[in-house]
Structures are given as C-alpha cells and as structure tokens.
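Participant: Residue numbers (numbering that gives the first Met the number 0), protein chains in the order written: chain A, 0 to 763; chain B, 0 to 292.
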Amino acid sequence: MSNPPTNNPKYKWIGTRPDRPDGADKVTGRARFAADFNLAGQLIGKVLRSPHAHARIKSIDTSKAEALAGVKAVVTSRDFPEQPDVIVPAGEMQVNLRDVTRNIMAREKVLYEGHAVAAVAATNEAIAKQALALIKVNYEVLPHVIDVAAAMKPNAPLLHEHLMTEGAKPAAARPSNIAKRIEFAKGDTAAGFAKADVVIERDYTTQAVHQGYIEPHATLASASEDGQVQIWSTTQGHFQVRGFCARLLNMETSQIRVTPSEIGGGFGGKTVVYLEPLAVRLSQKSGKPVKMTMSRDDVFRASGPAPGADVHVKIGAMKDGRIVAAECTVAMQAGAFPGSPVGPACMCSYACYDIDNVFIVGYDVVSNRPKVAAYRAPGAPISSFAVESTIDLLAQQLKMDPIDLRLKNAAAKGTKTAYGVTFGTIGMVETLEAAKNSPHYKTPVKPGFARGVAAGFWFNVGADSSAAAHVGEDGTVTVISGNPDIGGSRASLALMAAEELGIDYDKIRPVIADTASIGFNFVTGGSRVTFATGLAVVNSVRDLIRDLKGRAAKTWGVDPEGVIWENGMAKPAGSNVGTFEPLTIAQLAATAGKTGGPINGHAQLNVTGAGPGFGVHICDLAVDADTGIVTVGRYTAAQDVGTAIHPSYVEGQLQGGAVQGIGWALNEEYIYNAQGRLANPGFLDYRIPVASDLPMIETVLVEVPNPTHPYGVRGVGEVPIIPPLAAVANAVARSTGIRMYDLPLSPPKLSAALDAARPLMAAE
Amino acid sequence: MTDILYKVAKTVREAASLMAAAKGKGRILAGGTDLLVQMKAGMVAPGTIIDVKKIPEMVSITETKGSYRIGAATPAAVIGEHKKLKKAWPGVVEAINLIGSTQVQGRASAGGNLCNASPAADSVPALVAAGAIVTIQGPKTRRTVPVEKFTSGPGKTTLKAGEIVVSLTLPARPKASGDAYLRLIPRTEMDIAVVGVGVSLTMKGDTCVSARVGLGAVAPTVLLVEAAAKALTGSKLDATALDAAANACSAACRPIDDKRGTIRYRTKIAGVLLRRATAIAADRARGISKQGH
Chain A
0 MSNPPTNNPK YKWIGTRPDR PDGADKVTGR ARFAADFNLA GQLIGKVLRS
50 PHAHARIKSI DTSKAEALAG VKAVVTSRDF PEQPDVIVPA GEMQVNLRDV
100 TRNIMAREKV LYEGHAVAAV AATNEAIAKQ ALALIKVNYE VLPHVIDVAA
150 AMKPNAPLLH EHLMTEGAKP AAARPSNIAK RIEFAKGDTA AGFAKADVVI
200 ERDYTTQAVH QGYIEPHATL ASASEDGQVQ IWSTTQGHFQ VRGFCARLLN
250 METSQIRVTP SEIGGGFGGK TVVYLEPLAV RLSQKSGKPV KMTMSRDDVF
300 RASGPAPGAD VHVKIGAMKD GRIVAAECTV AMQAGAFPGS PVGPACMCSY
350 ACYDIDNVFI VGYDVVSNRP KVAAYRAPGA PISSFAVEST IDLLAQQLKM
400 DPIDLRLKNA AAKGTKTAYG VTFGTIGMVE TLEAAKNSPH YKTPVKPGFA
450 RGVAAGFWFN VGADSSAAAH VGEDGTVTVI SGNPDIGGSR ASLALMAAEE
500 LGIDYDKIRP VIADTASIGF NFVTGGSRVT FATGLAVVNS VRDLIRDLKG
550 RAAKTWGVDP EGVIWENGMA KPAGSNVGTF EPLTIAQLAA TAGKTGGPIN
600 GHAQLNVTGA GPGFGVHICD LAVDADTGIV TVGRYTAAQD VGTAIHPSYV
650 EGQLQGGAVQ GIGWALNEEY IYNAQGRLAN PGFLDYRIPV ASDLPMIETV
700 LVEVPNPTHP YGVRGVGEVP IIPPLAAVAN AVARSTGIRM YDLPLSPPKL
750 SAALDAARPL MAAE
Chain B
0 MTDILYKVAK TVREAASLMA AAKGKGRILA GGTDLLVQMK AGMVAPGTII
50 DVKKIPEMVS ITETKGSYRI GAATPAAVIG EHKKLKKAWP GVVEAINLIG
100 STQVQGRASA GGNLCNASPA ADSVPALVAA GAIVTIQGPK TRRTVPVEKF
150 TSGPGKTTLK AGEIVVSLTL PARPKASGDA YLRLIPRTEM DIAVVGVGVS
200 LTMKGDTCVS ARVGLGAVAP TVLLVEAAAK ALTGSKLDAT ALDAAANACS
250 AACRPIDDKR GTIRYRTKIA GVLLRRATAI AADRARGISK QGH
C-alpha cells in the first residue's frame, strides 16, 4: 500500500491518510449491519406502541394474540422485574433504572405516542403484525403536555405524580414536571451588570431534533436452555447493552455475550437500549432466536431525540468588548422521564470565555415526548445557540468584528470556568486566530451573501478502556479493542499501534471484540475512543514491546534492560550489551515457542485528562427574501483537534458535525399535532440536509496537542455540531437585518418574519 | 396472510379487463414507486397487481404533427432523454424529472404521478399548463379527459371501475411558445412541493397571446388558474399583469396549514412562483434558453 506523505513531521504513521480497515467491506456491501444478522429458526419480534401521548393503562389482554397460530411469545411489563430508583450512566448522560424499565415497556402509564406497551414474537412478520392487532389495551386517556413552558406551569398535566424538583430553592412543596434545578455561579453578576456599558437580554427557543442515523435500531437475541444469552446489535456500547440487559432481566453479566454489528450512525442515540431486553425476554419465553428491527417511524416516535429548550440569556459588556457579566437560564425537555442534558448545556454555555461573573440555572423538565438521548455534545448546541447569538448582537452593537470580540474574551490556560474547572492547555485563542486567518474569512463576502460566526466548546471524556495486541506466528499484529467504530477509530487505533511498534499500518489488523473477548469498555461517545481507547491501545502495544524485548533478551542471553525497540526491531541497547543482529517482530514471532510461548500485550485503564475542544465556524449564506429559503454558499469549520491521527477522519467529523448543526438550524424539528402525536416521523418531513443543499464544508485543523496523551489526542466528534446553529442564525441576521430567536429557520417561519418586518409584501 | 395475484398485461385491453376482473382490488404497477411504498406502509392491500410495463403503447413516446403522446408508464428518465420533447415542452419534462430521486427516475412515470392523485404531484401543474389530454381505456371503450379534470381530491381520480390511464397527449405548439415549472421545497431535492406552478405561454412580439397556468399543492387537486392566464394574456408581461396574475394565483389557493407549510406561506409563494415561472416561460418563448432549476 502506498500512503500520501505524512502530515506530521514528528511521526511516520500518525498524520497519514491510509484506507480504513472496514472500508472495502462497506463500499462493496459486505459489511454486516445489525439487520443483516440471522439465525436458523429465528422468530420476528414486533412492538405494540401507544397511540396516545398520555394515558393510564387500565388493562392489557394478550390472550387472543397468544392464541394465534404462529405466535410463540408475548411480553408486557409483567415480564420485566421492577427496578430500584438508582442512577446509572448511559453514554454521556445519566438514567434511572426505574425509568429505563418503564421506557422499554410501559407500566402504569404510557407517557408518549410510540411508547412500547407489549411485544410479540411470531414465525413471520405478517403474523407478528396480526398478533399486535389482537392485543387489547384498555387506556384511560389523560391530558398531555408537549412544550417545556407549558409543562412547567403549576396546573400542567403531571407525568409522574410523585416527581418533586430536586435542587429547588426553596424545596419543592408539591410534585411538578420539573425534575431538577441546577445552578452554576462564579463572581457577582449583579455587580458585573451594574458596571457594564452595554447589557443585552434575549429569549430563545429550539425544537427537539433527531440524531438521524441512517441505520434503524435492530437486534437479534438468542437465549439457550442453560440460561446463556447472545445478542447481536447496533450499538455504540455493547458493554452497556450487556449491563442494561443484565439489570433489566435480573441476569449476571457473564451470562450475556453481546456482539456489535457495524454501525450505521449513532451520534449518541445508540448508547441506550430499546429492543434488546425485549428480544431477550421473547427469546427466553419462546426458546427461539428473536430478531427485531425498528421502522423509521418507530425510530422517530420511540427512540431518543435530542431535546428542545427555552433559553434566556443576559450579557453585560464594557465598550471595549470585555464581557463583565453573563447569565443563562436553560429549561430543557427531558422527554417522558427525567434526565435531559441540561447539565452540560449549562456548563458549556460560557465555557469559551473568560468571564468574572457568571450565573447559570438549568431546569430538567419532563413532558409527553420520547425520552431524550445523547446527541453529539448533548445540550451544548442549544445553550450555545442562545449565547453565541447574543454575543453577535453585542458585536453588532459595539461595531466590533465578531472574531475580535471573541478574542477579547477567549478562555485560555488558567481560565476558571463557571462550573469550577480551571483550564489547562487549550486552543480557543489559536482556533479563533486560525478562523480569522482562514482563506474563507480573508475573502470578502460575495454580493447577496452575509457572514455569520460562532464558537463552541465541549469537554471530551476519557473513562474506561481495555485493549490487547496479539502477535501472529508471522509477525503481523491484531489490535483488539471494544468500542464500536463510528468515525474511523479502527484506522486511528491501527495508526497509533503502527507508530509505537514501528511496523507498517497494513501489518496491523484492528478488530472490535464482543463483550466476552476483551475487557470492559465504556461507550463510543463523548469523543473518547481515539483518545482513551487509543491510550489503551498504545499501552497494550507497549506491553507487547516489553514482551518482545524480553524474547530478544532471552534469545541473546542478556538482561531485558539491554534491549531497545526501534523501527519494528529489537536491538542491543549499546555496545556494552554485546554485538547482535537486530531481531524483527517476524523473527521473534517465529521463535516464540522457544522463548515463552505466545506474544501478547494488554492494557486496561480508567483514562483521565481528556483535553477540551473548541471550534469556530464561519458561514456565508444568502436569503431569498420572497421565499425565506436560505442558501449556504460557503462554510468553514476551524477546530482545535489536538493531534490529527488520521486527518481525513478528523475532517470528516468536522464536516459531519457542521452539516448536522446546519440541519438543526434550518429545517429539522419535531412537529406535534393537537393530540400530542408526532406529525413528521420520516425523512420526507423531518428534513435533514441532502448533499445538494450544502457546499463542501472547509476545515481548518488547529493542532494543539493534549499534553496528557502520548500522541496529543483530543476528542473531535462533538465540538463541530455546536457552533453551526448560531453561525447560521447570525448570518441570517446580518443578511436580513432580522434576528431570529426561534429555531429552526424554516422557509415559512423566516418568510413570515421578513414580511412582518416589511409592511408591504415585497414585490421587487 | 393476504395473497396477491400478479399479472403481466400484454395489451391495454387486457390490462383493463384484468382491472375490471379485480373488482376494485386491482392496482396498476408501472414503476411502482408509489404502489410498493404504499403497500409496505400498509396503506393499500391490492388483490391483483397488473404490470403494464410490457405494453408498448404505455412505455413509448410518439410524435404526430408536433403533438406528443407519452405512454403513461414511460419512465421519467426516458422522457428526460427525449431531446425533441424536451425542446418542445421543457417545463413539462423538467417537472416530470423532479419526481423522486435520480434512482426513482428510472422507474417513476408521469401516468403514475397523475394516478397517485397527490395535490403536490410535480408533473401535474406543468401538464395542466400544457393543456395535456389524458387517454383512458375502459373494459370496452376509450375516452379522453383534460388533465385538470382527472383528479377529484387527494388520492382520488375520476377513473371508473376497470379503467386505466394509457397515455398523456401534449398538443402541437405554435411558434414562440415556452413553458416552465417551478416548485418550492425547503431542501434542494428529495422533497415534496409546498407549492408548484406551471406556466405555458405563446408570445407574439412582446405580447403574450395565450397562457395557461397550473397550480399545485395549494388545494385538494391541482388547479387550472384561468384568472391568472387571463391576466397574462394580451399583456406585455409587465408589472401590472404579473401582479394581477400573481394575485390570481394567491386568490385561487385553498391550502391547509400542515407540517409542510402554513396557509399564509403557501398563498404567498403561489404568487412568487407564478412571477418566476412566467419569466422563464417567456424567455423560452422568445428563444432565450433558461434552466428552471
């Protein structure tokens, strides 16, 4: 294989752009996604879903369905044990087990349209569908509430009759739909606003959006007579599927083996379970493998969207642009159960900036919508849209360049955030400067177009990772990890292993092992895999090199300390060790039987020290004043990416995140009808951008290495979805003179705003 | 499980007889881009599927003295590659080529788009503006109907039991004629029209001597807007005439508020698109080639 020249002069492999190990299978259609797994004798499982947004389940009669020929099992909430009131991690978010069991299968009430009420397994899909129609559910329909503001009102219909607001001041006296109130404070905002020359205060709203992964949820489960269970599933964390299934079904984790399929997108939405526990229970009851797949309609109605929210922002600044006080209140949809990403939304709101006085409040609010799930930088795009729009208003009012205004306030090493962390080495200033010096920003805006700028911040995470490296008898290496590969992580892990070992990239095969074949790994999420699992891979390879050096020492009859590893070979550390010809990995592998048997390395660790990331996006767009249609003409995403291990996949993350953020800004939204039913559960009327909608997204990789990682890796996947919402809205404001405070900026809404601003319908 | 009978018809008469024999449970399969989707979604459960793609008359394009007859099942991609037809009726061809995606174009047909009877069907406003005539075969007789009279409501046609659509006929064009179709969608493709406007004009010098306007997605059926045509006819397509025609289109709208657009928005856009489509059609009539999209 021939590689383009290395990008990074420090390294041989890191910074190059080889083909991804899974690439050939994916372009030829050979790659197996979850719905491609089948077992002999499998049954088809189907879920009966609630037609109501909110109703009490008075009774469920499954007898007719069970009597139908071909039906082998039926399950309802009676088949799942009650769960304790305990919080467990679900990807980057937290969930309560008591709620999880109610979300996978409704108990006392259905809380949203599409909520699962029963499931059947039958010999084919048609019979399964027929069986669903034979299940009689007696509902007492209850008043429902969809929007956050309405759900927070004292007289709103209550989803959970005993939900008391955690963290309320004073303590909550009676139940409400507000699950939690959180607060972050730094300095004294009242004093800050008092001295400010300019104070800008605005309200914003955003709508629920779906992650929009192309592969719907799907699973195949097989329970055997001895109690062992195997699951094949599309997931961002097969260890989490194992953990959830064990808890929800009262099983031991060692009885469950989960194999992840190739994954057709997740973006955070595949860090929770929906079908897997149902398929396992149906398989246990029927004694047959059970396959379940969601339709796109199911995916929209019943799998986690990202929340919408109401956000209030108040910023005070001096005439020179220095921000002296900043407040933000975020009231966020959690969906039917508590647990929105309001925490990260609050924490990220002002994290790009060094501000002395900050006060942030967040509310986690339940309503009759599907339970939200993580979506790239959960919560951050929402608060950032409000804050970055307000900062743009400030730039306009102070007549300052929007990048200069941000540079004036940029967080740097030593900046203390409102949530308490003091930043180490970060690249916010470098990213702003890179954006300012980008070919895009230096090019004057084309006539008819206008330019918007916005920034964004995400923590990135580390957490638990395990990895192993095995040498084959010919000296090639298998690198084994346990994180489903969403964004090209196998290629990045192999590049780091090649760099460490000093052998060629194509002599290394990275594989993703099932839960029984490698130690525990936290989910693929939080932009952690290349960073944290990358570190585990590096450490496992270092362990392997230790082993290899020991084999050379044994061969030469010298101390292991006398051997060094260089360019894929063991060499004597110096002339005092003796004169020996270097031993290649292939030579050491060939004689392994005589030097101690198989040569393997492994590593497991809890990784800390994730380096935060910052992004600055530039958007040029034109608005058709008659139709309200927005055309994005040019778009650049600049980001501090640490070291770009495989630059193409780093660029891909920036481009994909930008496109999803632009979709969020322009057209994507959950639309509910008066009955609380989703009106657009499909890609026709839930409009993610299509390829022809957008220009090629330009990227600027700002490489500020993370000092805690041997190769300087920072997570890159989350940051790029944060700035686009405000970058687009700011460009629209500068194009039309009209500031839009409510997303999405869909043509009917923008057209109405334009017309309201002009008393006469624009003819010409 | 429901059994489905699949039949391949060799002639138009045979197709009509099979349709009659299916007693209301028959569905015609041309490209299948609506039928198969509807079957998968559980919206329809046909007893007999009658494949008409093997009937030459239904999958061909013929020209007679400047008039074009397009077989109802002719794939949109074939229509798009017919140079003479495209030159004569660029707006109609563009509209047909907007149905679905590139992949769908290989299967989808104008006849299917018409029989699906969606008020937002892309090809229909252009066909209405063009004055297209629909040829219908019944079990015993043939009849014709102007395209604007073919549908009776969303998903409803005026076909009687056992009748099938055979072809669409576009009349011969006087010189200095042009047509155009524009639709508004929030994206750039893979979407359904929020409003669609077809305009067909004949010019004599600077004067528009005849005009037809078709308007889609703003009422239960695609509309022939005679008031808009009247406003354009006899004018020099000046601001006053365009204002009057745009207002006539807006006035003709009887839209709904839904997830795809508000009443206010659709009503306004009907006028906006009328102006833009008229400009393109007029340029084409004057021999100034312009792409609608």
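Here a beta-carbon is modelled for each residue, glycine too, at the ideal position from N, C-alpha and C.
For the region 15-38 of chain B, which residues have a CB atom closer than 8 Å to at least one CB atom of chain A, in sequence order?
Facilitator: Here the close residues number zero.
Participant: Using 8 Å as the threshold, is the region 312-323 of chain A in touch with the region 229-237 of chain A, meaning 3 or more CB pairs across them?
Facilitator: Output reads no: the region 229-237 of chain A does not touch the region 312-323 of chain A.
Participant: I'd like the span of the alpha helix (DSSP H) that includes A:Y212, first residue to last.
Facilitator: Run containing A:Y212: none; DSSP gives neither H nor E here.
Participant: Is the CB-CB distance between A:F238 and A:N520 below 8 Å?
Facilitator: Contact: yes.
Participant: Taking the alpha carbon of A:S465 as the reference point, which residue from A:T205, A:A591, A:A305 and A:S480 has its own alpha carbon closest?
Facilitator: When only C-alpha atoms are compared, the closest one is A:S480.
Participant: Would the region 468-482 of chain A and the region 428-446 of chain A be scored as touching if the rule is three or more Cβ pairs under 8 Å?
Facilitator: In short, these stretches do not touch, since the Cβ pair count stays below three.
Participant: Determine, for B:I49, whether the minimum Cβ-Cβ distance to residues of chain A falls below 8 Å.
Facilitator: With 8 Å as the cut-off, B:I49 does not count as an interface residue toward chain A.
Participant: Measure the C-alpha to C-alpha separation of B:L126 and A:L753 and round it to an integer number of angstroms.
Facilitator: Cα-Cα distance, rounded: 33 Å.
Participant: Is the distance from the Cβ of A:A552 to the Cβ of A:D558 below 8 Å?
Facilitator: Contact flag set, yes.
Participant: Entirely within the region 75-162 of chain A and at least 4 residues each: give me those alpha helix (DSSP H) ranges in chain order.
Facilitator: Segments of the alpha helix (DSSP H) lying fully in the region 75-162 of chain A: 96-103, 124-133 and 147-151.
Participant: Between the region 334-353 of chain A and the region 365-378 of chain A, do three or more beta carbon pairs fall short of 8 Å?
Facilitator: As far as the Cβ criterion goes, the region 334-353 of chain A touches the region 365-378 of chain A, which means the pair count is three or higher.
Participant: Is it true that the CB of A:F79 sits closer than 8 Å to the CB of A:T61?
Facilitator: Their beta carbons are not under 8 Å apart, which means A:T61 does not touch A:F79 by this criterion.
Participant: Using beta carbons (cut-off 8 Å, strictly below), is A:A678 in contact with chain B?
Facilitator: Yes, A:A678 counts as interfacial toward chain B.
Participant: In chain order, what residues of the same chain have a beta carbon less than 7 Å from the beta carbon of A:N666, not counting five sequence neighbours either side?
Facilitator: The answer, listed in chain order, is R686, P743 and S745.
Participant: Could you tell me if A:K9 is buried or exposed, where buried requires 16 or more neighbouring beta carbons within 10 angstroms of its beta carbon?
Facilitator: Burial call: exposed.
Participant: Taking A:S764 as the reference, which of A:D187, A:R676, A:A121 and A:I598 has the closest Cα?
Facilitator: Given that chain A is displayed from residue 0 to residue 763, the structure contains no residue 764 of chain A and the question cannot be resolved.
Participant: Below 8 Å, can you find three or more Cβ-Cβ pairs linking the region 135-146 of chain B to the region 76-94 of chain B?
Facilitator: No, they do not touch.
Participant: Of all the CB atoms in chain B, is at least one closer than 8 Å to the CB of A:D363?
Facilitator: No - not a single Cβ of chain B is within 8 Å of the one on A:D363.
Participant: When burial is assigned at 16 or more other CB atoms within 10 Å of the CB, is A:T590 buried or exposed?
Facilitator: Classification for A:T590: exposed.
Participant: Just to confirm before moving on: does the CB-CB distance between B:T73 and B:I54 stay below 8 Å?
Facilitator: In this structure, B:I54 does not lie closer than 8 Å to B:T73 by Cβ.
Participant: Do we get a CB-CB distance below 8 Å when we pair B:I268 with the residues of chain A?
Facilitator: B:I268 counts as touching chain A.
Participant: In whole angstroms, what is the alpha-carbon distance linking A:N538 and A:M331?
Facilitator: Their backbone Cα atoms lie some 40 Å apart in a straight line.
Participant: Strictly under 8 Å for the Cβ-Cβ distance: is A:V689 near chain B by that measure?
Facilitator: Closer than 8 Å: yes.
Participant: Residues of chain A with CB closer than 7 Å to the CB of B:T261, please, in chain order.
Facilitator: Within 7 Å Cβ-Cβ: P747.
Participant: Considering only the alpha carbon of each residue, which of A:P276, A:A172, A:A497 and A:G486 lies closest to A:T523?
Facilitator: Of A:P276, A:A172, A:A497 and A:G486, the residue nearest in Cα terms is A:G486.
Participant: Would you kindly work out how many angstroms separate the C-alpha atoms of A:H51 and A:A150, rounded to a whole number?
Facilitator: Rounded to whole angstroms, A:H51 to A:A150 spans 17 Å at the Cα level.
Participant: Of the residues that make up the region 271-282 of chain B, which ones have a beta carbon closer than 7 Å to any beta carbon in chain A?
Facilitator: Within the region 271-282 of chain B, the qualifying residues are V271.
Participant: Spell out whether any CB of chain A is found under 8 Å from the CB atom of B:M42.
Facilitator: Closer than 8 Å: no.
Participant: Using a Cβ-Cβ cut-off of 8 Å, state whether B:I191 counts as contacting chain A.
Facilitator: B:I191 counts as touching chain A.
Participant: Taking DSSP's pairing of strands, which residues face A:D225 in a bridge?
Facilitator: DSSP lists no partner for A:D225.
Participant: Out of B:D50, B:D33, B:K52 and B:V51, state which residue places its alpha-carbon closest to the alpha-carbon of B:V43.
Facilitator: Closest option to B:V43, Cα to Cα, is B:D33.
Participant: With 16 other CB atoms within 10 Å as the buried threshold, where does B:I287 fall?
Facilitator: By the 10 Å Cβ count, B:I287 comes out exposed.
Participant: On the criterion of 16 or more Cβ atoms from any shown chain inside 10 Å, does A:H161 qualify as buried, or is it exposed?
Facilitator: It counts as exposed.
Participant: Any beta carbon from chain B within less than 8 Å of A:R757's own beta carbon?
Facilitator: By this cut-off, A:R757 is not an interface position.
Participant: My guess is that B:V194 and B:R182 are in contact by the Cβ rule of under 8 Å, so how many angstroms apart are they, rounded?
Facilitator: Contact holds; Cβ gap of about 7 Å.
Participant: At 3 residues or longer, what runs of the beta strand (DSSP E) sit wholly inside the region 644-727 of chain A?
Facilitator: Listed in chain order, the complete beta strand (DSSP E) runs (minimum 3 residues) inside the region 644-727 of chain A are 697-701.
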